[in-house]
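This note's numbering puts the first residue of the sequence shown at 1121, with every later residue one more than the last.
Note that the Cβ used here is the ideal one computed from N, Cα and C, for glycine as well.
Note that the structure is a prediction, hence the values are computed from the model and not measured.
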Amino acid sequence: MCGIFAYLNYNVHRDRRFILQVLFNGLRRLEYRGYDSAGISVDSSPFYSQFNSDLNNAHSVPPPSPLVFRQAGNIDSLVKSVHSEVETINLNLEEQFSVHAGIAHTRWATHGEPAPRNSHPQTSGPENEFLVVHNGIVTNYEVLKETLVRHGFVFESDTDTEVIPKLAKFIFDNATEGGQAVTFSQVVLEVMRHLEGAYALIFKSRHYPNELIACKRGSPLILGVKDLAEPACNGSAAFNDDKFLSKNGHPKELFLSSDANAVVEHTKKALVIEDGEVVHIKDGAVSILKFDKEKGKSCGSLSRPASVQRALSILEMEVEQINKGNYEHYMQKEIHEQPESLTTTMRGRLIRRTSSKDKTLLLGGLKDHLKTIRRSRRIVFVGCGTSYNAALAARPILEELSGVPVTMEIASDLLDRQGPIYREDTAVFVSQSGETADTLHALEYALENGALCTGITNTVGSAIARNTHCGIHINAGAEIGVASTKAYTSQIVVMVMMALAIGGDSISHQRRREAIIDGLFDLPNKVREVLKLDQEMKDLAELLIAEQSLLVFGRGYNYATALEGALKVKEVALMHSEGLLAGEMKHGPLALVDENLPIVVIATRDACFSKQQSVIQQLHARKGRLIVMCSKGDAQSVCPGDSCRVIEVPHVEDCLQPVINIIPLQLLAYHLTVLRGYNCDQPRNLAKSVTTE
Ligand code: M6R
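In structure tokens, the structure reads:
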């Protein structure tokens, strides 16, 4: 979905070329979220004014209008168009700015086609008095637009966002015409009072040069602070420290972004901005105000809320995580780093003492709630897409070890039905990004209904991590490819550990428990082994390159594998693919079977093995074109006499088998995509974090 980024340098000389580079680079880091157009705004000339803090003077000598560049297509097209425009208007790229505020945006179209006029920054009008980049949706934009049109504003885009800068201008003009001195944050707070929906916004204004305002409700936003006068940071620092708030001239660089990825290469000191907070950057200082819709209403004039204190934290992320390293694509890298991501997921949670046979499992984020979860009337898993599939893969082991009924909910469907959620329920929200709008809304719904809410997410500080009562981070590392791969396997492992924790030490499960724990310890090795199928999956992809359709049959633990394998093929290789419950084969899908349609059947050794063997026979009887995934050594028994193609995978404990089995299908999806000439990291029409419903 849309990505927003801003860069403000204070008391440090940066030329225009450098500033543009930082903005473009920020946008490239947000590319993976999915986008179809992009834009930036920078100043047309430096503005250093002793008047800057004197509003009356600043208004009498208006600073030059900021420049806006917008383009449909990818970042490279934006870069090209900026450079050609820079030449046309003879803009000096070497011009120095000791203070400058630039904003940037990647847009994923919701209102209006991808086109320069619909791209952001959106503007208040020809003079670019107020400019806004926006992630989210303003739901009441039509009403606001009608009012603004009545006041003479002319709209040029189809976006919901355009009402925001125009509303800012309207508020600013009204206040200043009446002779009232008004600060940038007062204007923005008043704008926020009128907005409904979800948003993260950054404002830049000609009237407040070298200042930026960011605010949010619902969509993610983080602030990164690089204090250039300070040695490397070794802890957290409060914003009300002299270093950050006072106007003592500390040279700094400040970054605002929808995503930590765009910040971490500059600084690890960051602040996750909370809903309702308004961050005002002025004269190198940061103040954070708390927006209160109700309080604002009661004030006759523009309100001045008190500032709040927040502490910076350190991003636990390495720059290498957001680079491709030696791989060609992020998806490829993320598939191949699963032995390491799984190790990190288990680190510090599964402990085996070398001196004894003792194995300990510790889930810090859950331990205080285990009793309540065990007493729940049911456990409800809620998620979307891959996260839903991961929960489905873990459901049987959770039922087995906990004895608590486990139900599954696709977040949007739960909301559509307003399905029953009770106080006695434990609702588990599974989300890689922790920001998926449907899952977040389902969480709000479950909280309202009094359920114990648990989060399983890969993103520390995300909305789901912050708003659940307890939870577990999957610690898989940054996942940049839109197709979720390593997060899926880490989610399953986390939920298996959760099942072990909820199941406790009951004697009846002791053997099973030990076998699973041993299996978990050995899992990264088994994943390394299955990754060796890479070339084999590439060969298979070559065979399937021109197919229209692919079916994947699974059951038991591997029904989820069938759904997830098909989802991967569909989303990146743009090939129709369907995951099916093998038990349902005779109730409809069998009609599709002929000698042409490729069908993957997952038949690894578990309690469903003999049933899958009979499925294979029935498909054979209809001359089905089969690709069977089986446990090592079973090739002849599942496909006698080379009657089909076989993918042999290492055998592990049944509840961990989905982690192994999905990997050949991830590789197949990846190679199919590359061979078919599609972009696996940013598939058509898709976004990494789906922050709109
Ligand atoms: O961030 P989330 O896990 O909540 O995202 C949910 C889905 O949007 C996501 O898994 C989607 O299905 C992936 N693109 C699949 O690869």
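Alpha-carbon spacing of C1419 relative to Q1306, whole angstroms: Position 299 of the sequence shown, counted from the first residue, corresponds to residue 1419. Position 186 of the sequence shown, counted from the first residue, corresponds to residue 1306. No answer about C1419 holds up, because its pLDDT of 42 lies below 50 and its placement is not dependable.
task: Report whether the distance from the Cβ of A1607 to the nearest heavy atom of ligand 1 is below 8 Å.
output: Within the sequence shown, numbered from 1, the residue matching residue 1607 stands at position 487. A distance criterion of 8 Å places the beta-carbon of A1607 in contact range of ligand 1, judged by its closest non-hydrogen atom.
query: If we ignore side chains and look at the alpha-carbon of each, how far apart do L1147 and N1255 end up?
result: On the sequence shown, residue 1147 is found 27 positions in, with the first residue counted as 1. On the sequence shown, residue 1255 is found 135 positions in, with the first residue counted as 1. So the two alpha carbons sit approximately 13 Å from each other.
task: Count the other CB atoms, across all protein chains shown, that sit within 10 Å of the CB of P1241; report buried if there are 16 or more and exposed otherwise.
output: The count along the sequence shown starts at 1 and reaches residue 1241 at position 121. Buried: at least 16 other Cβ atoms inside 10 Å.
- prompt: Leaving out five residues before and five after S1809 in sequence, what residues of the same chain have Cβ atoms less than 7 Å from its Cβ?
  reply: Translated into the one-based positions of the sequence shown, residue 1809 becomes position 689. Closer than 7 Å at Cβ, skipping near neighbours: M1121, R1153, S1553, E1555 and T1556.
message: Taking a contact to mean a Cβ-Cβ separation below 9 Å, would you say I1747 touches C1764 in this structure?
response: Mapped onto the sequence shown, residue 1747 falls at position 627. Mapped onto the sequence shown, residue 1764 falls at position 644. Yes, they are a contact pair.
- prompt: Hey, which residues come within less than 5 Å of ligand 1, measuring from Cβ to any heavy atom, in chain order?
  reply: C1504, G1505, T1506, S1507, S1551, Q1552, S1553, T1556, A1603, S1604 and V1810
- request: On a CA-only basis, which of L1671, R1515, E1436 and Q1802 is nearest H1593? Give me that one, please.
  value: Position 473 of the sequence shown holds residue 1593. Cα-wise, what sits closest to H1593 is E1436.
field: Where G1744 falls: helix, strand or coil (DSSP)
entry: Here residue 1744 refers to the residue found at position 624 when the sequence shown is read from its first residue. If DSSP states are grouped into helix, strand and coil, G1744 belongs with coil.
query: Would you call the CB atoms of F1189 and I1160 closer than 9 Å?
result: Taking the first residue of the sequence shown as position 1, residue 1189 is located at position 69. Taking the first residue of the sequence shown as position 1, residue 1160 is located at position 40. Yes; because the gap between Cβ atoms is below 9 Å, this pair is in contact.
task: Could you check which residue in P1459, S1277 and Y1319 has the C-alpha nearest to that of V1613?
output: As a first step, residue 1613 is located in the sequence shown; it is residue number 493 there, counting from the start. Among P1459, S1277 and Y1319, the Cα nearest to that of V1613 is on P1459.
- request: Return the CA-CA distance between V1550 and A1318, expressed in angstroms with no decimal places.
  value: Position 430 of the sequence shown holds residue 1550. Position 198 of the sequence shown holds residue 1318. Spanning the two alpha carbons is a distance of roughly 21 Å.
task: Give the DSSP bridge partners of I1719, in chain order.
output: One-based indexing of the sequence shown puts residue 1719 at position 599. I1719 pairs with L1671 and L1746.
- prompt: Rounded to the nearest angstrom, how far is the Cβ of G1623 from that of L1785, given a contact under 8 Å?
  reply: Position 503 of the sequence shown, counted from the first residue, corresponds to residue 1623. Position 665 of the sequence shown, counted from the first residue, corresponds to residue 1785. That belief does not hold up - the Cβ atoms of G1623 and L1785 are roughly 29 Å apart, past 8 Å.
- request: Could you pull the start and end residues of the beta strand (DSSP E) that M1528 belongs to?
  value: Reading the sequence shown from its first residue, position 408 is the one you call residue 1528. Its beta strand (DSSP E) spans residues V1526 to I1530.
task: Go through its chain and collect everything with a Cβ distance to M1617's Cβ below 8 Å, but skip five positions before and after it.
output: For the purposes of this step, residue 1617 is taken as the residue at position 497 of the sequence shown. Non-local C-beta neighbours of M1617 in its own chain, meaning closer than 8 Å and more than five positions away in sequence, comprise M1466, R1469, L1470, L1481, L1483, I1592 and L1640, ordered along the chain.
message: Can you tell me whether S1173 is helix, strand or coil according to DSSP?
response: For the purposes of this step, residue 1173 is taken as residue 53 along the sequence shown, with counting starting at 1. Only weak support exists for where S1173 lies, its pLDDT of 45 falling under 50; the value from the coordinates is given anyway. Three-state result, S1173: coil.
task: Could you give the DSSP three-state label for N1781: helix, strand or coil?
output: Position 661 of the sequence shown holds residue 1781. Three-state result, N1781: helix.
field: Segments assigned beta strand (DSSP E), at least 3 residues, entirely inside the segment 1560–1642
entry: 1572–1577 and 1590–1593
- prompt: Could you check where the beta strand (DSSP E) with Y1319 kicks off and where it finishes?
  reply: As a working note, residue 1319 is residue 199 in the sequence shown. Going by DSSP, Y1319 is part of the beta strand (DSSP E) stretching over G1317 to S1325.
Close Cβ partners of E1773 (< 7 Å) along its chain, the five nearest in sequence each way excluded: The residue labelled residue 1773 in the question sits at position 653 within the sequence shown. For E1773, where only same-chain residues beyond five positions count, the Cβ hits under 7 Å are A1635, I1636 and G1639.
Contact belief for A1621 with L1462 at Cβ below 8 Å, rounded distance in angstroms: As a position in the sequence shown, residue 1621 is number 501, starting the count at 1. As a position in the sequence shown, residue 1462 is number 342, starting the count at 1. Contact flag wrong, Cβ pair sits at about 18 Å.
query: Comparing alpha-carbon positions, which option in A1571, R1725, L1739 and E1454 lies nearest V1500?
result: Counted from its first residue, the sequence shown places residue 1500 at position 380. Ranked by Cα distance from V1500, the options A1571, R1725, L1739 and E1454 are led by A1571.
query: I think T1588 touches G1575, with their Cβ atoms under 8 Å apart; what is that distance to the nearest whole Å?
result: By one-based count along the sequence shown, residue 1588 stands at place 468. By one-based count along the sequence shown, residue 1575 stands at place 455. That pair is a contact at about 4 Å.
- prompt: Exposed or buried, V1406, counting other C-beta atoms within 10 Å across all chains shown (16 or more means buried)?
  reply: Here residue 1406 refers to the residue found at position 286 of the sequence shown. Burial call: buried.
task: Using only alpha-carbon positions, find the residue among P1234, C1590 and K1453 that is nearest to A1603.
output: As a working mapping, residue 1603 is identified with position 483 in the sequence shown. Per the Cα distances, K1453.
task: Entirely within the segment 1451–1479 and at least 4 residues each: give me those alpha helix (DSSP H) ranges in chain order.
output: 1458–1466
message: I need the DSSP call for S1157, collapsed to helix, strand or coil.
response: Here residue 1157 is taken as the residue at index 37 of the sequence shown, counted from 1. Of the three classes helix, strand and coil, the one that applies to S1157 here is strand, per DSSP.
Pick from P1540, V1548, V1392 and C1504 that is closest to I1833, judged by C-alpha positions: Absent from the model: residue 1833. The displayed extent of the chain is 1121 to 1813, so no value can be given.
field: Start and end residues, alpha helix (DSSP H) containing D1293
entry: Looking up residue 1293 in the sequence shown gives position 173. Here the alpha helix (DSSP H) through D1293 covers V1283 to E1297.
- request: Answer yes if the segment 1203–1218 comes into contact with the segment 1341–1349, meaning at least three C-beta pairs across the two stretches below 8 Å, and no otherwise.
  value: no
- prompt: Quick one, which of R1804, I1209, I1257 and T1279 has its alpha-carbon nearest P1236's?
  reply: By 1-based counting over the sequence shown, the position of residue 1236 is 116. The candidate whose alpha carbon is nearest that of P1236 is T1279.
field: Those residues which DSSP pairs with R1227 across a bridge
entry: Your numbering for residue 1227 matches position 107 in the sequence shown. In DSSP, R1227 forms a bridge with S1157.
message: Strictly under 9 Å for the Cβ-Cβ distance: is V1132 near chain C by that measure?
response: Here there is only one protein chain, and chain C is not present.
task: Please classify P1516: is it buried, with 16 or more other beta-carbons within 10 angstroms of its beta-carbon, or exposed?
output: If you number the sequence shown from 1, residue 1516 lands on position 396. So P1516 ends up on the buried side.
query: Does DSSP put A1431 in a helix, in a strand, or in coil?
result: For this step, residue 1431 is matched to residue 311 along the sequence shown. Reduced to three states, the DSSP call for A1431 is strand.
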